[in-house]
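Each remark here refers to the structure printed beneath this line.
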Amino acid sequence: MKKHFTKAALGLATLVVAGTTLAQVEYDYAEVVDVRPIVRVVEISTPQEQCWEEEYLVDRPARRSESGTPTIVGTIIGGAIGNAVGHNKSNKRVGTVVGAVLGHSIARDIMRQDTGTGVREVETVQRCETVYQSHEEERIMGYNVTYHYNGQDYTVRTDSDPGSQIRVRVSVEPVL
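When you line the sequence shown up against this note's numbering, it's residues -15 to 160, in that order.
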């Protein structure tokens, strides 16, 4: 069995080598008779940045006074009122001191409070976003080329337009 397999393999190898050596490959040129582009419509998206300005209202708290003047004025007014309330000399002194202390305290408390709702201001801010603009384009994907060689027409698809001639491979094999 091993002998038969070896003989068969040797015979097959001889035929392959003989067939290959008998075949001849040559190159020639064929006349191009028709070229038709293969066109596809594709959608192209291009990013674009669009910016605009927006205005909005901002509430800012009112600024508190950093001055000591209101406290001093409150002390003086409180002292004057306390002095006016007192009836005799010692009462006037006590009234002045108590009025001054109360006037100072009231003025300081008023200054610590927010003096109002604040200020409304308009601020302008630039906002941007990316939007995509789409358009369609025709793209050539290849060419259907019909050529004439040795009395027959053939069609092939190529990546580029071959012009008036196309190179062809001609293989000649004897029939045994």
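Glycine included, every Cβ here is placed at the ideal spot set by N, Cα and C.
Are residue i and residue j touching if we call contact CB-CB under 8 Å?
i      : j      : result
Tyr127 : Ile150 : no
Gly62  : Leu86  : yes
Ala91  : Pro54  : yes
Val115 : Val129 : no
Lys76  : Asn67  : yes
Glu38  : Arg111 : yes
Glu33  : Val154 : no
Pro174 : Val16  : Nothing about residue 174 can be read from this structure; the chain reaches only from -15 to 160.
Glu121 : Val42  : no
Looking only at its chain, what residues have a beta carbon closer than 8 Å to the beta carbon of residue i, apart from the 5 residues adjacent to it on each side?
i      : result
Arg189 : There is simply no residue 189 to check, as the chain begins at -15 and stops at 160 in what is shown.
Ser144 : Tyr127
Tyr13  : Gln149, Ile150, Arg151, Val152
Ile28  : Ser118, His119, Glu120, Glu121
Val159 : none
Tyr40  : Val106, Glu107, Val109
Going by other Cβ atoms of all chains shown within 10 Å of its Cβ, with 16 needed for buried, is residue i buried or exposed?
i      : result
Glu119 : A small correction: the amino acid at residue 119 is His; Glu does not occupy that position in the sequence shown. Its Cβ having fewer than 16 others within 10 Å, His119 is exposed.
Gly135 : exposed
Thr80  : buried
Thr142 : exposed
Val1   : Unreliable positioning characterises Val1 in this predicted model, as indicated by a pLDDT of 49, which lies under 50. A coordinate reading is not provided.
Within the continuous beta strand (DSSP E) that includes residue i, where are the two ends?
i      : result
Gly63  : No beta strand (DSSP E) holds Gly63; the alpha helix (DSSP H) holding it covers 53 to 69.
Val161 : With the chain represented from -15 up to 160, any question about residue 161 goes unanswered, as that position is not in the structure.
Gly79  : Segment 73 to 96 is the alpha helix (DSSP H) holding Gly79; no beta strand (DSSP E) there.
Gly126 : 103 to 133
Val140 : 136 to 142
Val159 : Note, Val159: premise wrong, no beta strand (DSSP E); not H, not E.
Looking only at its own chain, which residues have a Cβ that is under 6 Å from the Cβ of residue i, when we skip the five neighbours before and after it?
i      : result
Glu157 : Ala7
Thr59  : Ala84, Gly87, His88
Ser148 : Val16
Val69  : Gly79
Pro21  : Ile124, Tyr127
Thr30  : Gln117
Going along the chain, which residues of its own chain have a beta-carbon closer than 7 Å to the beta-carbon of residue i, five neighbours each way excluded?
i     : result
Asp18 : Thr130
Trp36 : Arg111
Between residue i and the ligand SAM, is the CB less than 7 Å from at least one heavy atom?
i     : result
Tyr11 : As for the ligand SAM, it is missing from this structure, which has no ligand bound.
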